[in-house]
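Take a look at the structure set out below.
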Amino acid sequence: MKVWKYGDNINTDMLFPGKYTYTCSTAEEIKPHLLEDLDPSFSKNVVKGDIIFAGKNFGCGSSREQPVVGLKAVGIKVVVAESFARIFYRSAINQGLILIECPDAVKTYSEGDDINLDVDNGKIVVGGKTFSFPKLPKEILAIRDAGGLIEYTRSKLKEKR
Amino acid sequence: MFFRLFDIDLKNVIHFLFLRSATPINGVVDGGLIIVGDIVNMAMTFAEKLLAAYSGNKNVIPSQIVTVHPDHLLTHDNTAAIIQKIKNELEEYGVYSKSLSIIVLDHVIPAASEKTASNHKNIRSFVKSHNIKNFFDVGVGVCHQVVVEKGLALPGKLLLGSDSHTCSYGAIGAFSSGIDRTEAASLMLTGETWLKVPKSIKMTFSGKLQQGVFAKDVILHAIGDISASGANYCSVEFHGDVEQFSIDDRFTIANMGVEMGAKNTTFPVDKVTKDYLNSIGISDGAYAAVYPDKDATYMRELDYDLSEIIPMVACPHTVDNVKPVSEIEGLEIQQCLIGTCTNGRLSDLQIAADILKGKKVNPNVRLLILPASKKIYEEALKLGIIETLVKSGGILLPPGCGPCLGAHQGVLAPGERCLSTANRNFKGRMGCKDAEIYLASPATVAVSAIHGKVTDPMGEMKK
C-alpha cells in the first residue's frame, strides 16, 4: 500500500485533463490519463488499496466525474483531505468512493506512517494517532453502500414497480 | 417537525435554533435526529426558503438533508455518456418527464472528431425517441446562456445541471447548482435527488464602479479575497447597490460563484431582472421570486466598496491568485479570448468593439471571439460589433465552449500565455500543461490584444 500526497486546490483538470472529457468515458479509457498533468507517475504505479492524502479543496473545478470514476477503478481505498469541493464530494458518494474530510489527519501524516481505517466508526489512525471524522447520514450511506447511485436508483425503480 | 443532521455539532444546532426562533423549542436529541416543537416565523436565507418550499417543509436549517424535484435538469455534450450509463433503464422505464431535461450541444461544437460527432448523433437520437422538449443543437449557444435566453431559468425555480457553472442562474434569482453525470442520469429516471441545505454567505456591495472596471473585476476581487474554497458548500447571496449591474453583469458574477466553491449564488429579483424577463416575453406573473428574510442568519458577511475596486487579473494556476492588472502590466501574451459562459454576452462584445474600433490586434496575438449564443451573434451583427471586431483582426468562432476547456479550437503551445475572459486558469485547462492562462475582463483583454502585452484598461479608456 502506498500513500500519495498532494497539496491544496487539486482541481479536476489536474486529476483528469479537460481535453479528454468527451473522448474518454469508461474506466479503461480514463485510467492512463489520471493525474496526467499533476503526477505522471501516478497512473503507472498506483495499485489497489493505495491511499491519497491531500490539502484543501480537493476536486475543485469541473463537474466531470472521470476523476472519481478513475480513482475508484484503480482501487484507491480512500482519499483523505483537509476539505473537498462539493461536486466532487457528491460524485464520490455516487461512485462509492470513500472520502474523509479530516484536516488533522492530513497535517499529522508524514511519509512512512502506518494508516488504519475504520470507516463505519468514523476513525482513522495515522502514525499511531487516532482521529475522528463525521459519519455520513444513513440516507447518503445507503447510496454508497448500494455500490453507487446508479445501482441505488435501479433498486428504487424496481421497488416502485 | 424534525431535522436530519450530519457533520454539525448538535450544541450549535440547538443554539442556532434558539437564535432564530421567537418561540421556545422543546428539543429531543435522538441518534442524530433532533425533534423540535413548532417553529414559527423562523427567518430564512434565500437557499433555506427555496429548499423548504421544494421539499415540502415549513422550515429547513443548514446541513439538513432534503429530497427535491428540480424544475429542470441541464446536460450538454455529456448527455451521450449519461444515457449510455442507463441504456437498459431508459428502455424499460423511459424518462421521468420529457420536460425535465434541457439538452444543449455546446462543449465540442462543431464536432472535433468522429467520437464527438457520434456523441452528438446519439444525443439527437435519444432526444427524438424520448420526445425531449428542450433540445438545442449545435450553434444555438453555450448552455447557460441558452437556458436563460429561452426563459427556462426563472426567479424562485430550482435547476440542477451536470456542469459546474450551472450556478449562473442566480443572476435572475433561481437556485441552481452543479452535479455530476451519474446524478444527472439518476434524475432523468426518477426526477428527484437529495440536497444538503447550505449555510449562507452575504456579500454586500456599496458605491459605484470606476470607469474601466467591470463585473468581472468585482468577482475576481471577491474570489481573491475569500479564496477558491472560501464559499465551499455555501449559498452566496449578493446584496446592496446591485441595481447598477445589468443581467449580463450579474451573469458574470453568479457564474464564477463555483470558483469560490459555492453551491449556488443569487441576486435579488428587482426591476433589472423583471425588465430583462419582460424583454424575452416573460411576464411578472409567470414566476414567484424568493427573497431572503431581513433577519436571516448568515455564516459570514462581507462588504465590498465597488469604488475601490480596480481592474484585476487571476494569474496561473488558480482562480484566487488574483492581482491588480497593473502589477503584471507588460507581460507578453500570444492569445486572447473573449467569450464563454462568463463573458460572451452582447455587452462584453460591445465593450471590446468600442476599444478595438479603428485599431488593430497586435500581430503577435491571436484574438479569439466567441459570442455566447446565436441570438447574441445576430444582435452583434446588426449593431456592427462583429464587423468592428473582425476588421481589427479578431477571429470569430461559433457560439460554444471550445477553447475554454482545451477540447479543441485555440489550444495553446508550451510556453504560451493566454489572456482570457473565461472562468478557469487551471494548469492544462486550455489543452497544454506548459502554457499559462490569465483571467480578466473583456476590456482588459481587448486593450491587451492591441498592445500584445497585459495592459491596464483604466488609463487606456480615459484617453
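For the protein sequence lines, the chains are A and B, in the order given. All you need for our numbering is the position in the first sequence, starting with 1, plus 4. With the first letter of the second sequence counted as 1, position 274 gets the number 273 in our numbering; the numbers rise by one all the way through. Idealized CB from N, CA, C, for every residue including glycine.
- Within its own chain, the residues whose Cβ lies closer than 6 Å to the Cβ of residue 339 (chain B), once the five positions on either side in sequence are excluded, are 403, 421, listed in chain order.
- Three or more Cβ pairs drawn from the segment 233-253 of chain B and the segment 211-219 of chain B lie within less than 8 Å of each other, which places the two stretches in contact.
- Taking a C-beta cut-off of 7 Å against chain B, the contacting residues of the segment 89-112 of chain A are 89, 90, 91, 94, 95, 98, 99, listed in chain order.
- The C-alpha of residue 74 (chain B) is placed about 39 Å away from the C-alpha of residue 328 (chain B).
- Taking C-beta separations shorter than 7 Å and ignoring five residues to either side along the sequence, the partners of residue 138 (chain A) in its chain run 126, following chain order.
- By a beta-carbon distance limit of 8 Å, residue 374 (chain B) does not contact residue 449 (chain B). Their separation comes to about 28 Å.
- Residue state for residue 238 (chain B) is assigned as strand, using DSSP reduced to three classes.
- Under DSSP, residue 135 (chain B) takes part in a beta bridge, and its partners are B:103.
- Per the C-alpha coordinates, the member of B:407, B:371, B:368, B:345 positioned closest to residue 379 (chain B) is B:345.
- With a threshold of 7 Å between beta carbons, residue 76 (chain B) makes contact with chain A.
- A check of alpha carbon separations from residue 131 (chain A) across A:111, A:59, A:29, A:146 identifies A:111 as the nearest.
- Proximity of residue 23 (chain A) to chain B, defined by a Cβ-Cβ separation below 7 Å, is satisfied.
- Excluding its 5 nearest sequence neighbours in each direction, residue 174 (chain B) has C-beta neighbours in its own chain below 6 Å: 49, 157, 263, listed in chain order.
- Residue 123 (chain A) sits in coil when the DSSP states are folded into three classes, being neither helix nor strand.
- Residue environment for residue 416 (chain B): buried (at least 16 other C-beta atoms within 10 angstroms of its C-beta).
- In this structure, B:399 is the residue among B:392, B:288, B:369, B:399 with its C-alpha nearest to the C-alpha of residue 135 (chain B).
- Contact between the segment 102-119 of chain B and the segment 136-155 of chain B is present, with at least three C-beta pairs closer than 8 Å.
- Excluding its 5 nearest sequence neighbours in each direction, residue 188 (chain B) has C-beta neighbours in its own chain below 8 Å: 85, 88, 89, 92, 94, 95, listed in chain order.
- One finds 67 in chain A with Cβ atoms closer than 8 Å to the Cβ of residue 161 (chain B), taken in chain order.
- Within chain A, the C-beta atoms nearer than 9 Å to that of residue 426 (chain B) come from 15, 17, 18, 41, 42, in chain order.
- DSSP places residue 320 (chain B) in no beta strand (DSSP E); its state is neither H nor E.
- Residues are counted here when their Cβ sits less than 8 Å from a Cβ of chain A; for the segment 203-227 of chain B these are 227, given in chain order.
- If you draw a straight line from the Cα of residue 233 (chain B) to the Cα of residue 29 (chain A), it comes to about 30 Å.
- Taking 4 residues as the shortest admissible run, the segment 197-243 of chain B contains the following complete alpha helix (DSSP H) segments, listed from N- to C-terminal end: 214-225.
- Only 179, 180, 181, 182, 184, 185, 188, 189, 193 from the segment 179-196 of chain B bring a Cβ to less than 8 Å from some Cβ of chain A.
- Of the residues assessed, residue 428 (chain B) falls on the buried side of the cut-off, its CB having 16 or more other CB atoms within 10 angstroms.
- Around residue 269 (chain B), the same chain offers 242 as residues with beta carbons nearer than 7 Å, after the five sequence neighbours per side are excluded.
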